[in-house]
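Q: Protein chains in written order, with the numbering used here: chain A, 826 to 1219; chain B, 1452 to 1532.
Glycine included, each C-beta is placed from N, C-alpha and C at the ideal position.
It should be emphasised that the depicted structure is a prediction, and the values quoted were computed from it without experimental measurement.
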C-alpha cells in the first residue's frame, strides 16, 4: 500500500500508516468494547480524524481518492485488531461507493463534500421485518407530495445506528406496483427522528452495536440515490460486490490477527518452554490454519480483480465467484481460528484473558456464515450453476 | 414477440395485473425473481425445443420481455425477431 495521501494532515503519510493509527486506538479499547457491547467510538473518531471515512471520495470532492483495493487492505488491517470495527469501516465505504457511483446532482456534490471531509459516518438501513433479509424487496413505501419524501421505516438491525451521521435507507418506491421496486434514499440524522429500541447482547461482533431503529421524517425529493425504484442496479453494482469483498477482508484480517498472536506466543521464550514446537500435531494444525488463510487471501484478490475489470458482473460465473468468496471466507476464517483453539489448548485457546484473543475471534467469526446467510447464498449459487452449464470460471 | 412467448411469461409476472406484455415490459419490476428466471428458462426451452447459450443468461437478457425475446428468437431458425 504505497499510495501517498497528498492532502491535509497526511501530506506524506500513506493509507497504511493512517490505518495503523486507527488500529492503535482500536487496540486500546477492543477489550472494553467487547465486554460492554458498546460501539468503538474512539476508533470511529480516529477514522474521522484520519479522514479514512472519506477514503473512496474522489479528490475533487475533498476525499482521499482511494480504491476498493485500499478499502480491503485497510479492512484486513483493522480486522486484525477488531472485526466489529473492520466491518463498520468496510460497510461505511460500501455506502460511500454507492453515493460516488449513483448519486446525481445536487445531492452528489453536497453529500460527497461532507463525506470527503471524513466527518460523516453513513449507516446502511436495508434490513426489514418480513423480507427475510432479502435486499431487493421492501415493505415500507416512500410517500411523496412532489417536493418532499416522507420516510417512516422500522429496521431491526442497523450497525452503528446510534452513532451514524447519515443513513442510506431502502424503501419501496413512490407508487410502486411491486415490492421489488426499491428506492435508496439518503437522510441526515437531523432530518429524522430516530428511536432506538431493544438491547444489543450478541455472542460476538459486540462492538458493532447493531440496534433496531424506527426512522421517521421528511427529506427533499432530490435525496434519492440512483433512479427511483432503481435500487437493484445499486445492489448489483455496489452493495453486493462491496459487501462480500469488504466482509471477507474483515474476516481474513481477524483470522490473520489471531494466527499472528498465536505464532508470537509460540515463538516467545515463555511459549517455547510451554509448547513443543516440534510436535507434528501442532505443526500440522498451524499449517492448516495458514493454508486456509492463504486460500481466502488468494480468492479475495482474484475476486477484487474480477469486480474491477469485468464489464458484466451479472454473468452467472461472476456472481458465483463473488458468492464463493463470501462463503469460503466465512467458513475458512472461522475454521482456522477453531483449529488454533485446538492447537494451543484450554489456557490460550479458550480463556478470555489470553493475549491470543482466540475466544473473541471465534465468537466474532461465528457470525460470518450468518451475515447474509451462507445457506441463502448456496440456494442462489445452485440457481446460478444451472445458468452456466459449460462451467466456465470468472 | 409471438403470442406463445407472451403467454409463457404471464404466470411469472405476478404484478402485471392483466396489463398487455410489450417489448418494454420490465420483467423484474413485475415480479420475476432469480428462481423464477430458471423456471422461465426451462419453460422457454421446452416450448421451443431450444437451448439458450450460457452467455445470454445475464441480467440484461432478463431485463425486459423484448430483450429476452431477442435471445430466444435468435435460437429459433424460422422466427423473425
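By the criterion of Cβ-Cβ separation under 9 Å, what are the contact partners of residue 1200/A in chain B?
A: For the purposes of this step, residue 1200/A is taken as the residue at position 375 of the first chain. Those do not exist, as residue 1200/A stays about 15 Å from chain B at its closest Cβ, beyond 9 Å.
Q: Please state the DSSP three-state secondary structure of residue 1134/A.
A: By 1-based counting over the first chain, the position of residue 1134/A is 309. Helix, per DSSP.
Q: Using a Cβ-Cβ distance cut-off of 8 Å, determine whether residue 1466/B contacts chain A.
A: Position 15 of the second chain, counted from the start, is the residue given in the question as residue 1466/B. At least one chain A Cβ lies under 8 Å of residue 1466/B.
Q: Looking at residue 1011/A and residue 991/A, is the spacing between their C-beta atoms short of 8 Å?
A: Locating residue 991/A in the first chain gives position 166, where the first residue counts as 1. Locating residue 1011/A in the first chain gives position 186, where the first residue counts as 1. Yes, the Cβ-Cβ distance between residue 991/A and residue 1011/A is below 8 Å.
Q: Name the residues in the region 1482–1494 of chain B whose C-beta lies less than 7 Å from a C-beta of chain A; which are they?
A: Answer set for the region 1482–1494 of chain B: 1482, 1485, 1486, 1489.
Q: Name the residues in the region 1124–1157 of chain A whose C-beta lies less than 8 Å from a C-beta of chain B; which are they?
A: Listed in sequence order: 1137, 1139, 1140, 1141.
Q: With 16 other CB atoms within 10 Å as the buried threshold, where does residue 893/A fall?
A: On the first chain, position 68 is the one that residue 893/A refers to. So residue 893/A ends up on the buried side.
Q: Using a threshold of 8 Å, state whether the C-beta atoms of residue 1191/A and residue 1159/A are closer than that.
A: The sequence position of residue 1191/A within the first chain is 366, counting from 1. The sequence position of residue 1159/A within the first chain is 334, counting from 1. In contact: residue 1191/A and residue 1159/A (Cβ atoms closer than 8 Å).
Q: Assign residue 1019/A to one of three DSSP states: helix, strand, or coil.
A: By one-based count along the first chain, residue 1019/A stands at place 194. Three-state DSSP puts residue 1019/A in a strand.
Q: I think residue 1074/A touches residue 915/A, with their Cβ atoms under 8 Å apart; what is that distance to the nearest whole Å?
A: Mapped onto the first chain, residue 1074/A falls at position 249. Mapped onto the first chain, residue 915/A falls at position 90. Yes, residue 1074/A and residue 915/A are in contact; Cβ-Cβ is about 6 Å, under 8 Å.
Q: Between which two residues does the alpha helix (DSSP H) holding residue 896/A run?
A: On the first chain, position 71 is the one that residue 896/A refers to. From DSSP, the alpha helix (DSSP H) with residue 896/A extends over 893–906.
Q: Quick check on the DSSP output: what are the complete beta strand (DSSP E) runs of length 3 or more inside the region 952–1002 of chain A, in order along the chain?
A: Fully enclosed beta strand (DSSP E) runs of 3 or longer: 973–984, 991–997.
Q: Applying a beta-carbon distance threshold of less than 8 Å, which residues of chain B neighbour residue 1002/A?
A: Walking along the first chain from the start, residue 1002/A turns up at place 177. Correct list: 1466, 1468, 1480, 1481.
Q: Counting pairs of Cβ atoms below 8 Å between the region 1013–1020 of chain A and the region 965–975 of chain A, do you hit three or more?
A: With the cut-off at 8 Å, the region 1013–1020 of chain A and the region 965–975 of chain A do not touch.
Q: Within this structure, are the beta carbons of residue 858/A and residue 1032/A separated by less than 8 Å?
A: What you label residue 858/A is simply residue 33 of the first chain in a count that begins at 1. What you label residue 1032/A is simply residue 207 of the first chain in a count that begins at 1. In contact: residue 858/A and residue 1032/A (Cβ atoms closer than 8 Å).
Q: Anything in chain B within Cβ reach of residue 1006/A, meaning under 8 Å, just list it in chain order.
A: The sequence position of residue 1006/A within the first chain is 181, counting from 1. Correct list: 1480.
Q: Measuring alpha carbon to alpha carbon, tell me which residue in 1462/B, 1489/B, 1464/B, 1474/B is nearest residue 1207/A.
A: Start at 1 with the first residue of the first chain, and residue 1207/A comes out as number 382. For residue 1207/A, the nearest C-alpha among the options comes from 1489/B.
Q: Pair every Cβ in the region 1029–1043 of chain A with every Cβ in the region 847–865 of chain A, then say whether three or more of these pairs are closer than 8 Å.
A: Touching, per the Cβ criterion.
Q: Check whether the region 1165–1183 of chain A and the region 1083–1094 of chain A are in contact - that is, three or more C-beta pairs closer than 8 Å.
A: The region 1165–1183 of chain A is in contact with the region 1083–1094 of chain A.
Q: Cutting at 6 Å between CB atoms, please list the residues of its own chain near residue 1037/A, excluding the five before and the five after it.
A: Working through the first chain from its first residue, we reach residue 1037/A at position 212. Excluding sequence neighbours, residue 1037/A sits near 981, 1022, 1023.
Q: Would you mind telling me which residues of chain B sit closer than 7 Å to residue 1211/A, beta carbon to beta carbon, in chain order?
A: If you number the first chain from 1, residue 1211/A lands on position 386. Under the 7 Å cutoff, chain B gives 1489.
Q: I'd like the span of the alpha helix (DSSP H) that includes residue 1011/A, first residue to last.
A: If you number the first chain from 1, residue 1011/A lands on position 186. Unbroken run through residue 1011/A is the beta strand (DSSP E), 1007–1013; no alpha helix (DSSP H).
Q: Determine the direct distance from the alpha carbon of residue 1171/A to that of residue 1188/A, and round the result to whole angstroms.
A: Along the first chain, one-based indexing puts residue 1188/A at 363. Along the first chain, one-based indexing puts residue 1171/A at 346. One C-alpha to the other measures close to 16 Å.
Q: Answer yes if the region 1045–1060 of chain A comes into contact with the region 924–942 of chain A, meaning at least three C-beta pairs across the two stretches below 8 Å, and no otherwise.
A: The answer is yes - the region 1045–1060 of chain A touches the region 924–942 of chain A, with three or more Cβ pairs under 8 Å.
Q: Taking all protein chains shown into account, do 16 or more other C-beta atoms lie within 10 angstroms of the C-beta of residue 1467/B, making it buried, or fewer, making it exposed?
A: The residue labelled residue 1467/B in the question sits at position 16 within the second chain. Residue 1467/B should be labelled buried.
Q: Can you check whether the C-beta of residue 1061/A is within less than 8 Å of a C-beta belonging to chain B?
A: As a working note, residue 1061/A is residue 236 in the first chain. True, the Cβ-Cβ gap to chain B drops below 8 Å.
Q: Buried or exposed for residue 1486/B, going by 16 or more other Cβ atoms inside 10 Å?
A: Counting from 1 along the second chain, the entry for residue 1486/B is found at position 35. By the 10 Å Cβ count, residue 1486/B comes out exposed.
Q: I'd like to confirm the pairing. Which residues does DSSP put opposite residue 1045/A in its beta bridges?
A: Reading the first chain from its first residue, position 220 is the one you call residue 1045/A. For residue 1045/A, which the question treats as bridged, DSSP gives the partners 973/A.
Q: Apply the 10 Å Cβ neighbour rule to residue 1151/A and answer buried if 16 or more other Cβ atoms are within range, or exposed otherwise.
A: As a first step, residue 1151/A is located in the first chain; it is residue number 326 there, counting from the start. When all chains shown are included, residue 1151/A counts as buried.
Q: Sorted by chain position, which residues of the same chain lie with C-beta nearer than 8 Å to residue 1120/A's C-beta, five sequence neighbours on each side aside?
A: Position 295 of the first chain, counted from the first residue, corresponds to residue 1120/A. Once the five neighbours on either side are set aside, the close Cβ partners of residue 1120/A are 1153, 1157.
Q: Counting only beta-carbon atoms, is residue 1508/B nearer than 8 Å to chain A?
A: For the purposes of this step, residue 1508/B is taken as the residue at position 57 of the second chain. Yes, residue 1508/B lies at the interface with chain A (some Cβ there is under 8 Å from its Cβ).
Q: Can you give me the Cβ contacts of residue 927/A inside the same chain, cut-off strictly under 6 Å, excluding the 5 residues immediately before and after it?
A: Position 102 of the first chain, counted from the start, is the residue given in the question as residue 927/A. 1050, 1051, 1059.
Q: Would you grab the beta carbon distance between residue 1041/A and residue 974/A for me? Rounded to a whole angstrom, and I think it's under 8 Å.
A: Against the first chain, residue 1041/A aligns to sequence position 216. Against the first chain, residue 974/A aligns to sequence position 149. Actually they are not in contact, since the Cβ atoms of residue 1041/A and residue 974/A sit about 12 Å apart, beyond 8 Å.
Q: I'd like to know if residue 1530/B contacts chain A, where contact means its C-beta is closer than 8 Å to some C-beta of that chain.
A: As a first step, residue 1530/B must be located in the second chain, where it is residue number 79. Reliability of the predicted coordinates at residue 1530/B is poor, the pLDDT of 49 falling under 50, and the value obtained from them is presented with this limitation in mind. No, no contact with chain A.
Q: For residue 1208/A, would you say it is in contact with chain B, using Cβ-to-Cβ distances shorter than 8 Å as the test?
A: Working through the first chain from its first residue, we reach residue 1208/A at position 383. Closer than 8 Å to some Cβ of chain B, the Cβ of residue 1208/A qualifies, so yes.
Q: Less than 8 Å between CB atoms is the rule here; does residue 987/A satisfy it with respect to chain B?
A: Taking the first chain and counting its residues from 1, one reaches residue 987/A at position 162. It does not: the Cβ of residue 987/A has no partner Cβ on chain B nearer than 8 Å.
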